[in-house]
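Below: one structure, written as structure tokens.
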Amino acid sequence: MPPGAMARGKDRANRRPVLDEVLGMSIFQIRQKISGTVLWTGSADDERAALDAMAREAGYADYAALPDGLRSAGFETSKLDLIS
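The opening position of the sequence shown corresponds to residue 1 in the UniProt record's numbering, with each subsequent residue numbered one higher.
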């Protein structure tokens, strides 16, 4: 390993939070409240955008277009911290 390679790797890892702030994207995970089943994981600007992305991936226009029965069951949206 070339000298300084480890330091460059650490610098790269430390820049990730800054990159997220610049891009405005975070990783979110959406679970069904009752069962805890993971329904969607991906990047989005905020929780609302994550719910819309989940709905689009399921074939709906956005979160508001989901059937009432699905929305009333409830979703739990979590912002994931992937940097340790």
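Cβ coordinates follow ideal geometry from the N, Cα and C atoms, glycine included.
Measure the Cβ-Cβ separation of residue i and residue j and say whether it is below 7 Å.
{"i": "R31", "j": "E76", "result": "yes"}
{"i": "A55", "j": "D62", "result": "yes"}
{"i": "T41", "j": "Q29", "result": "yes"}
{"i": "A53", "j": "A44", "result": "yes"}
{"i": "residue 103", "j": "L82", "result": "In the structure displayed, the chain extends from 1 to 84; residue 103 sits before or after that span and is not available."}
How is the alpha helix (DSSP H) around residue i delimited, first residue to last?
{"i": "S72", "result": "68-73"}
{"i": "A49", "result": "47-57"}
Return the bridge partner residues of residue i from the DSSP annotation.
{"i": "K79", "result": "F28"}
Rounded to the nearest angstrom, how far is the Cβ of residue i from that of residue j, given a contact under 8 Å?
{"i": "Y60", "j": "L51", "result": "Their Cβ separation, rounded to whole angstroms, is 11 Å, which puts Y60 and L51 out of contact at 8 Å."}
In terms of residue numbering, what span does the beta strand (DSSP E) encompassing residue i cover?
{"i": "T37", "result": "No beta strand (DSSP E) contains T37, which DSSP labels as neither H nor E."}
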